[in-house]
Amino acid sequence: MVQATRANRRAGARAVTRRLLIVHGGHPGGRTEKLRTAVTSGIRDSGGDLEVRERRALDAHADDLLWAEAVILGTPEHFGYMSGALKDFFDRTFYACENRTAGLPWGLFISAGNDGTGTRSAVERIVAGYRWKSVTEPVIVVGAPDAVALERCRELGATLAAGLAAGIF
Numbered sequence: 548m549v550q551a552t553r554a555n556r557r558a559g560a561r562a563v564t565r566r567l568l569i570v571h572g573g574h575p576g577g578r579t580e581k582l583r584t585a586v587t588s589g590i591r592d593s594g595g596d597l598e599v600r601e602r603r604a605l606d607a608h609a610d611d612l613l614w615a616e617a618v619i620l621g622t623p624e625h626f627g628y629m630s631g632a633l634k635d636f637f638d639r640t641f642y643a644c645e646n647r648t649a650g651l652p653w654g655l656f657i658s659a660g661n662d663g664t665g666t667r668s669a670v671e672r673i674v675a676g677y678r679w680k681s682v683t684e685p686v687i688v689v690g691a692p693d694a695v696a697l698e699r700c701r702e703l704g705a706t707l708a709a710g711l712a713a714g715i716f
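This is how it looks when you write it as structure tokens:
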């Protein structure tokens with residue numbers, strides 16, 4: 548859990564811990580994992596009072612989504628589509644969550660071998676069924692992640708975390 552900010556502790560304010568879920572597909576040690584690590588770093592550096600739950604897509608369940616106040620999805624691009632693991636996550640959680648997570652703020656990062664647009668479109672189409680609210684531009688990284696790509700992922704994590712912690716979304 549990310550600790551409360553010093554300003555909140557000094558002011559005696561009662562911090563409200565917000566809950567952020569990261570669901571990611573891909574292989575351990577792969578490109579998507581490197582992007583996820585950068586996203587997590589951005590969340591940690593945001594300074595918000597957050598509890599972060601990270602789940603591999605095959606290990607994530609409806610209870611995780613119902614727990615979350617925001618979600619970040621990560622996937623490799625496979626044949627112009629999301630990973631089978633992320634699609635499986637959507638298939639397993641949709642009916643349990645479709646009317647219970649409307650308005651959930653979400654973000655997306657994609658490790659692409661092509662251009663990532665098919666993957667982005669497919670994820671956005673499914674997420675529209677959940678009626679979640681996109682609060683950041685998706686980060687699409689084509690090829691091996693470089694320093695610029697990793698910084699964009701850190702910014703994704705920090706932006707979503709800061710907005711959630713501040714009550715903006």
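Offset between the sequence shown (1-based) and the numbering used here: plus 547.
Every residue, glycine too, gets a C-beta built ideally from N, C-alpha and C.
Contacting residues, own chain, Cβ-Cβ under 6 Å from residue i (five flanking each side not counted)
i    : result
L612 : T640, C644, T648
L568 : R600, D611, A615, V618
L697 : A585
V686 : F656, R699, C700, L703
F716 : P652, V682, G710
A554 : Because the pLDDT at A554 is just 37, under 50, the model does not fix this residue reliably, and the value given afterwards should be weighed accordingly. No residues qualify anywhere along the chain.
L605 : A632
K581 : P692
T664 : none
G650 : K680
Cβ-based neighbour list, residue i, same chain, cut-off 7 Å, excluding 5 preceding and 5 following
i    : result
R683 : Per the sequence shown, residue 683 should be read as Thr rather than Arg. Contacts found: G654, L703, T706, L707.
Alpha helix (DSSP H) segment containing residue i, residue limits
i    : result
I715 : Neither: I715 is in no alpha helix (DSSP H) and is coded neither H nor E.
L605 : Careful: L605 lies outside any alpha helix (DSSP H) and carries neither H nor E.
V670 : 664-677
V586 : 578-592
T640 : 631-644
For residue i, the residue or residues it bridges with in DSSP
i    : result
A617 : L567
R600 : L568
S681 : W653
T622 : I657
V686 : F656
Sequence-distant residues of the same chain with beta carbon closer than 8 Å to residue i, five excluded per side
i    : result
L597 : M548, V549, T564, R565, R566, L567, I590, A708, L711, A712
G631 : G572, H625
T587 : I569, V599, E601, G704
Residue interval of the beta strand (DSSP E) (run including residue i)
i    : result
S658 : 652-659
Whole-number beta carbon distance between residue j and residue i, since they are thought to touch under 8 Å
i    : j    : result
A669 : M629 : 6 Å
F656 : C700 : 6 Å
V689 : D662 : 6 Å
R578 : P623 : 7 Å
G621 : R583 : 5 Å
Exercise. If you pair each beta-carbon of the region 675-683 with each one of the region 590-605, do three or more pairs fall below 8 Å?
Worked result: no
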